[in-house]
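There are 2 protein chains.
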Amino acid sequence: MTATETPVNNGVNVEALLGAREAVTATPDAAKFEWRATCEWQSGTHSNSTVEGFFGLGDEQTHRTRYSFDVDHPEVFASEDNGATPVEYVLVGLASCLTAGVAAVAQNREIQLRSVSATIEGAMDIRGILGADTDVRNGFSGIKVTYKIDADATPAEIKALVAQSQKRSAVYDIVTNPTDVRVEVS
Amino acid sequence: MTATETPVNNGVNVEALLGAREAVTATPDAAKFEWRATCEWQSGTHSNSTVEGFFGLGDEQTHRTRYSFDVDHPEVFASEDNGATPVEYVLVGLASCLTAGVAAVAQNREIQLRSVSATIEGAMDIRGILGADTDVRNGFSGIKVTYKIDADATPAEIKALVAQSQKRSAVYDIVTNPTDVRVEVS
Chain U
0 MTATETPVNN GVNVEALLGA REAVTATPDA AKFEWRATCE WQSGTHSNST VEGFFGLGDE
60 QTHRTRYSFD VDHPEVFASE DNGATPVEYV LVGLASCLTA GVAAVAQNRE IQLRSVSATI
120 EGAMDIRGIL GADTDVRNGF SGIKVTYKID ADATPAEIKA LVAQSQKRSA VYDIVTNPTD
180 VRVEVS
Chain F
0 MTATETPVNN GVNVEALLGA REAVTATPDA AKFEWRATCE WQSGTHSNST VEGFFGLGDE
60 QTHRTRYSFD VDHPEVFASE DNGATPVEYV LVGLASCLTA GVAAVAQNRE IQLRSVSATI
120 EGAMDIRGIL GADTDVRNGF SGIKVTYKID ADATPAEIKA LVAQSQKRSA VYDIVTNPTD
180 VRVEVS
């Protein structure tokens with residue numbers, strides 16, 4: 000960087016993240032996190048979930064505030080549409096995870112972002128969840144994410160940003176690979 | 000049901016769902032849905048996503064209102080905690096999907112629910128997303144969901160409700176099985 004250049008600032012504290020990487024390499028136990036939500040059924044397909052505490056860095060942590068989410072099915076499913084659907088929450092999680100990654104990678108590569116937007120589309124054949132055809136899966140048949148990025152970088156550098164974000168994305172991993180889920184009744 | 004019994008009412012229109020199953024069996028094209036979200040980067044790891052339109056039953060559909068979601072990383076990751084994290088959105092999606100299923104299956108089996116609550120915990124070793132150890136996956140190492148259900152049913156019937164909900168859950172499928180995700184830059 001020459002004296003006349005403005006430092007790149009995407010609002011990501013890369014030094015802190017690189018410091019955290021060193022810290023968890025030295026002390027792997029600090030890297031063990033547990034993310035949580037609680038879900039309370041309201042009526043029909045409507046539920047309310049809250050997110051507040053989590054565990055990490057060897058201790059209980061809390062968010063700045065309690066986050067609350069209404070989830071429901073739409074009126075075309077004979078529900079009341081009191082919130083976005085469960086699968087739309089997954090799409091929000093995936094798009095936001097990749098987008099946070101784009102900002103972090105851009106900061107690390109000293110690329111100034113001006114705007115980043117993504118559309119995400121998940122195709123689903125609802126014969127699966129309705130039990131109409133057991134050969135049809137319940138989840139998405141496929142997901143497509145399309146980015147529009149304005150940045151001080153070449154098209155190839157922008158493509159590389161998005162590719163690196165996928166490599167480090169928690170939700171991209173969760174959606175593209177199997178995860179063990181245990182469901183119990185207490 | 001005898002004349003003195005109150006009909007089971009969990010707020011789920013099972014007749015409509017069974018009608019939908021028949022309709023999509025007869026007209027499979029109506030079952031092709033596309034769920035969507037758009038994500039706008041704000042600053043750092045903070046983004047805002049909106050959910051409003053979707054496609055299904057052969058036509059464009061819209062939710063009753065536009066849903067908006069702030070997503071961010073917490074302060075322990077040197078972020079501003081302007082919203083729940085992307086992975087917590089996935090937990091909310093999974094817990095709410097299973098809970099809607101419990102209500103629908105209970106209605107179909109004529110089991111009156113009084114209360115349903117779930118806690119969901121996702122374990123994650125953040126050495127993956129920090130790039131500290133490439134042998135550690137980015138996503139959850141495992142997820143545990145614990146239900147507490149008060150209903151007019153035996154413990155075995157309640158367990159069977161939860162098991163059947165897993166069998167028809169879109170998000171349970173998405174998390175436990177791989178899904179193809181294509182990410183492009185336009």
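Those protein sequences? They're chains U and F, same order as listed. Taking numbering that gives the first Met the number 0, the leading residue of the first sequence gets 0, the next gets one more, and so forth. Taking numbering that gives the first Met the number 0, the leading residue of the second sequence gets 0, the next gets one more, and so forth. C-beta atoms are modelled at their ideal positions from N, C-alpha and C, and glycine is treated no differently.
Cutoff 7 Å; reference residue i; Cβ partners in own chain excluding five residues on either side
{"i": "Ala122 of chain U", "result": "Phe139, Ser140, Gly141"}
{"i": "Ala29 of chain F", "result": "Ala22, Val23, Leu56, Gly57"}
{"i": "Ala150 of chain U", "result": "Ala105, Ile110, Gln111, Leu112, Arg113, Ile157"}
Cβ neighbours of residue i in the same chain (closer than 8 Å, five flanking residues each side left out)
{"i": "Val75 of chain U", "result": "none"}
is_contact[residue i, chain F] using C-beta, thresh 7 Å
{"i": "Ile173 of chain U", "result": "yes"}
{"i": "Arg113 of chain U", "result": "no"}
{"i": "Gln163 of chain U", "result": "no"}
{"i": "Asp197 of chain U", "result": "Past the boundaries of the shown model lies residue 197 of chain U; chain U is included only from 0 to 185, so the question cannot be answered."}
{"i": "Val104 of chain U", "result": "no"}
{"i": "Glu156 of chain U", "result": "no"}
{"i": "Ala150 of chain U", "result": "no"}
{"i": "Thr153 of chain U", "result": "no"}
{"i": "Ala122 of chain U", "result": "yes"}
Euclidean distance between Cα positions of residue i and residue j
{"i": "Asp124 of chain U", "j": "Gly100 of chain U", "result": "30 Å"}
{"i": "Phe53 of chain U", "j": "Arg63 of chain U", "result": "12 Å"}
{"i": "Met0 of chain U", "j": "Ile110 of chain U", "result": "With a pLDDT of 48 at Met0 of chain U, under the threshold of 50, the predicted position of this residue should be treated as unreliable, though the coordinate-derived value follows. Using only the alpha carbons, I get a separation of about 12 Å."}
{"i": "Ile148 of chain U", "j": "Val11 of chain U", "result": "17 Å"}
{"i": "Ala19 of chain U", "j": "Asn8 of chain U", "result": "20 Å"}
{"i": "Leu17 of chain F", "j": "Ala159 of chain F", "result": "20 Å"}
{"i": "Gly130 of chain U", "j": "Pro27 of chain U", "result": "44 Å"}
{"i": "Gly43 of chain F", "j": "Ile128 of chain U", "result": "37 Å"}
{"i": "Glu183 of chain U", "j": "Trp34 of chain U", "result": "18 Å"}
{"i": "Thr153 of chain U", "j": "Leu112 of chain U", "result": "12 Å"}
{"i": "Asp172 of chain U", "j": "Cys96 of chain F", "result": "20 Å"}
{"i": "Gln60 of chain U", "j": "Glu79 of chain F", "result": "14 Å"}
{"i": "Lys31 of chain F", "j": "Ala102 of chain U", "result": "34 Å"}
{"i": "Gln188 of chain F", "j": "Ala83 of chain F", "result": "This structure gives no information on residue 188 of chain F, because the portion of chain F shown stretches from 0 to 185."}
{"i": "Arg126 of chain F", "j": "Arg167 of chain U", "result": "10 Å"}
{"i": "Glu87 of chain U", "j": "Pro73 of chain U", "result": "11 Å"}
{"i": "Ala94 of chain F", "j": "Ala155 of chain U", "result": "39 Å"}
{"i": "Glu108 of chain F", "j": "Ser67 of chain F", "result": "The sequence given here has Arg at residue 108 of chain F, not Glu. Computed Cα separation, rounded: 35 Å."}
{"i": "Ser185 of chain F", "j": "Ser185 of chain U", "result": "48 Å"}
7 Å Cβ cutoff, residue i in contact with chain U
{"i": "Thr5 of chain F", "result": "no"}
{"i": "Asp28 of chain F", "result": "no"}
{"i": "Ser67 of chain F", "result": "no"}
{"i": "Thr44 of chain F", "result": "yes"}
{"i": "Met0 of chain F", "result": "Here the model assigns Met0 of chain F a pLDDT of 48, short of 50, so the residue's position is not dependable, and the following value carries that caveat. No, Met0 of chain F does not count as interfacial toward chain U."}
{"i": "Val11 of chain F", "result": "yes"}
{"i": "Glu51 of chain F", "result": "no"}
{"i": "Arg108 of chain F", "result": "no"}
{"i": "Gly57 of chain F", "result": "no"}
{"i": "Ala213 of chain F", "result": "A question about residue 213 of chain F goes unanswered here, because the residues of chain F that appear run from 0 up to 185."}
{"i": "Thr178 of chain F", "result": "yes"}
{"i": "Ala99 of chain F", "result": "yes"}
{"i": "Glu183 of chain F", "result": "yes"}
{"i": "Ala25 of chain F", "result": "no"}
Test item: CB-CB of residue i and residue j under 7 Å
{"i": "Gly92 of chain F", "j": "Pro6 of chain U", "result": "no"}
{"i": "Ala36 of chain F", "j": "Ser48 of chain F", "result": "yes"}
{"i": "Ala77 of chain U", "j": "Ala15 of chain F", "result": "yes"}
{"i": "Pro177 of chain U", "j": "Asn176 of chain F", "result": "yes"}
{"i": "Gln256 of chain F", "j": "Val13 of chain F", "result": "There is no way to answer for residue 256 of chain F, as the model of chain F reaches only from 0 to 185."}
{"i": "Gln41 of chain U", "j": "Val104 of chain U", "result": "no"}
{"i": "Val180 of chain F", "j": "Val135 of chain U", "result": "no"}
{"i": "Thr98 of chain F", "j": "Val115 of chain F", "result": "yes"}
Nonlocal neighbours in the same chain, by C-beta distance under 6 Å from residue i, ignoring five residues either side
{"i": "Lys143 of chain U", "result": "Glu120"}
{"i": "Phe65 of chain F", "result": "Correcting the residue type first, residue 65 of chain F is Arg in the shown sequence and not Phe. Hits under 6 Å: Thr49, Glu51."}
{"i": "Asn81 of chain F", "result": "His45, Asp69, Asp71"}
{"i": "Tyr146 of chain U", "result": "Ala117, Val161"}
{"i": "Cys38 of chain F", "result": "Ser46, Ser48"}
{"i": "Val89 of chain U", "result": "none"}
message = List, from N- to C-terminal side, the beta strand (DSSP E) runs of 3 residues or more that fit wholly inside the region 134-163 of chain F.
response = For the beta strand (DSSP E) assignment, the uninterrupted runs of no fewer than 3 residues enclosed by the region 134-163 of chain F are, from N- to C-terminal side, 141-150.
message = Give the list of continuous beta strand (DSSP E) stretches no shorter than 3 residues that lie fully inside the region 4-42 of chain U.
response = Those beta strand (DSSP E) runs which fall completely within the region 4-42 of chain U and span 3+ residues are 31-42.
key: Segments of 4+ residues assigned as alpha helix (DSSP H) that fall wholly inside the region 68-112 of chain U   = For the region 68-112 of chain U, whole alpha helix (DSSP H) runs of length 4 or above, ordered along the chain, are 85-107.
inquiry  = Please give the ranges of any beta strand (DSSP E) in the region 40-66 of chain F, keeping only runs that are unbroken, at least 3 residues long and fully inside the region.
reply    = Counting only runs of 3 or more, we get 45-55.
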